[in-house]
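S.K.: A single structure is presented below for examination.
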Amino acid sequence: DGPAPIGPSRYHSDFLELGLLGRGGGGEVVKVRNRLDRRLYAVKKILLESEKGRFAKVAAEHNRKLRREVTTISRMTHKNIVRYYQAWVE
Numbered sequence: 141d142g143p144a145p146i147g148p149s150r151y152h153s154d155f156l157e158l159g160l161l162g163r164g165g166g167g168e169v170v171k172v173r174n175r176l177d178r179r180l181y182a183v184k185k186i187l188l189e190s191e192k193g194r195f196a197k198v199a200a201e202h203n204r205k206l207r208r209e210v211t212t213i214s215r216m217t218h219k220n221i222v223r224y225y226q227a228w229v230e
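To get my numbering, take the position in the sequence shown, counting from 1, and add 140.
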């Protein structure tokens with residue numbers, strides 16, 4: 141955990157964005173091509189809330205739930221669930 145790294149974006153350096161697949165309350169999913177292995181992936185982009193200011197506690201709880209979702213999904217294996225590869229914060 142902690143602040144996003146300052147510098148080049150891993151997302152932009154590793155992936156070429158090809159288009160929007162869907163959008164919802166939890167963020168958006170985009171179709172990308174990995175620049176190294178040339179494979180297609182779906183990337184779910186979620187905005188974390190700022191944990192500073194008046195709503196810091198609410199934001200921290202929201203972000204904790206999002207991180208818990210990532211952890212839960214990373215452990216799942218099911219034919220109706222898209223395979224999870226990795227997560228990172230920018």
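Glycine is no exception: its CB is placed at the ideal position from the N, C-alpha and C atoms.
Within its chain, find whatever has a CB closer than 6 angstroms to the CB of V210; leave out the 5 residues flanking it on each side and keep chain order.
M.R.: Against the sequence shown, residue 210 aligns to sequence position 70. Taken in chain order, the residues that qualify are A227.
S.K.: In three-state DSSP terms, what is V229?
M.R.: For the purposes of this step, residue 229 is identified with residue 89 of the sequence shown, where counting begins at 1. In this structure, V229 counts as coil in the three-state DSSP scheme.
S.K.: Distance, Cα to Cα, S153 vs F195?
M.R.: The residue labelled residue 153 in the question sits at position 13 within the sequence shown. The residue labelled residue 195 in the question sits at position 55 within the sequence shown. Spanning the two alpha carbons is a distance of roughly 33 angstroms.
S.K.: Using DSSP with H/G/I as helix, E/B as strand and the rest coil, what is Y151?
M.R.: Taking the first residue of the sequence shown as 1, we reach residue 151 at position 11. In the structure shown, Y151 sits in a helix (DSSP, three-state: H, G or I).
S.K.: Determine the direct distance from the alpha carbon of L206 to that of R178, and round the result to whole angstroms.
M.R.: Sequence index remark: in the sequence shown, residue 178 carries index 38 (1-based). Sequence index remark: in the sequence shown, residue 206 carries index 66 (1-based). Between R178 and L206, the C-alpha separation is close to 28 angstroms.
S.K.: Put K184 into one of helix, strand or coil per three-state DSSP.
M.R.: As a working note, residue 184 is residue 44 in the sequence shown. DSSP places K184 in strand when its eight states are reduced to three.
S.K.: Tell me the DSSP secondary structure of V170 in three-state form.
M.R.: Within the sequence shown, residue 170 is the residue found at index 30, counting from 1. Correct three-state label for V170: strand.
S.K.: Who are the near neighbours of H202 in its chain, counting only those whose CB is closer than 6 angstroms to its CB and skipping five residues on each side?
M.R.: For the purposes of this step, residue 202 is taken as the residue at position 62 of the sequence shown. Cβ neighbours of H202 beyond the five flanking positions: E189.
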